[in-house]
Amino acid sequence: MVSCLNINGFSSAGSGDGIHNSKWGHINQLLRTSRTGILIVSEVHLTERRCEELENLFARRMKINFTANPDNPTGKGGVAIVVNKQLTNWKNIQTKEVIPGRALLLRTKWHDDKVITILGIYAPNVSSNDSRESAEFFTALHDFFTVHPEWRPDYMGGDLNFV
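Read left to right, the sequence shown gives residues 282 to 444 (my numbering).
Printed below as a string of structure tokens:
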């Protein structure tokens with residue numbers, strides 16, 4: 282099963298360092314109890330160091346693939362595709378960053394020899410006054426898949442930010 286979740290930032294208020302916070306503990310529990318194989322997570326605010334610490338803490342269950350906001354990785358945006366190591370073929374994963382901090386592709390073997398390509402996105406917010414950034418985002422996605430049709434996803438999920 283593939284699922285999506287927006288965690289609205291790395292740590293909970295008053296949770297200290299954030300590594301041992303309830304958000305990532307909740308993700309670990311969600312992977313275990315719902316038998317989710319792949320979870321697309323929006324607004325992760327990850328860095329390489331944070332990702333490594335989380336993967337060490339949840340080493341039995343999580344493989345985290347992510348793209349961070351290049352201007353403010355710990356403060357805004359970011360998409361992760363978390364793979365449940367107990368349910369999926371996680372060792373031969375391919376990833377491709379489409380739009381930094383906004384769109385990430387993951388390709389893995391799914392059932393038997395079938396391959397699944399998943400697109401995780403965190404689209405810009407659409408305000409009532411200005412939808413230009415959102416339009417540019419979806420145009421960039423379209424252009425990417427026009428140039429790279431071999432990466433067209435079988436599944437897309439995340440936060441589309443349509444209100």
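Ideal Cβ positions, reconstructed from N, Cα and C, are used throughout, including at glycine.
Rounded to the nearest whole angstrom, the C-alpha separation of Phe443 and Trp371 is 32 Å.
The Cβ atoms of Arg331 and Arg313 lie no closer than 8 Å to each other. The criterion of a C-beta distance shorter than 8 Å is satisfied by Phe291 and Thr355. For the pair Ile345 and Glu334, the CB atoms are not nearer than the 8 Å cut-off.
In the structure shown, Ala349 falls within a coil segment according to DSSP collapsed to helix, strand and coil. The C-beta separation of Val379 from Leu422 comes to about 7 Å, placing the pair in contact by the 8 Å criterion. Ranked by Cα distance from Leu327, the options Thr398, Val283, Pro381, Met282 are led by Pro381.
Take the alpha-carbon of Asn289 and the one of Gly318: they are about 21 Å apart. With fewer than 16 other CB atoms across the displayed protein chains lying within 10 angstroms of its CB, Ala340 is exposed.
Here the C-alpha atom of Asn309 lies approximately 13 Å from the C-alpha atom of Leu368. With a 10 Å radius around the Cβ and a threshold of 16 neighbouring Cβ atoms, Val396 comes out exposed. Leu400 and Arg413 have their C-alpha atoms spaced approximately 22 Å apart. The continuous stretches of alpha helix (DSSP H) do not include Val363, which lies in the beta strand (DSSP E) extending over residues 360-365.
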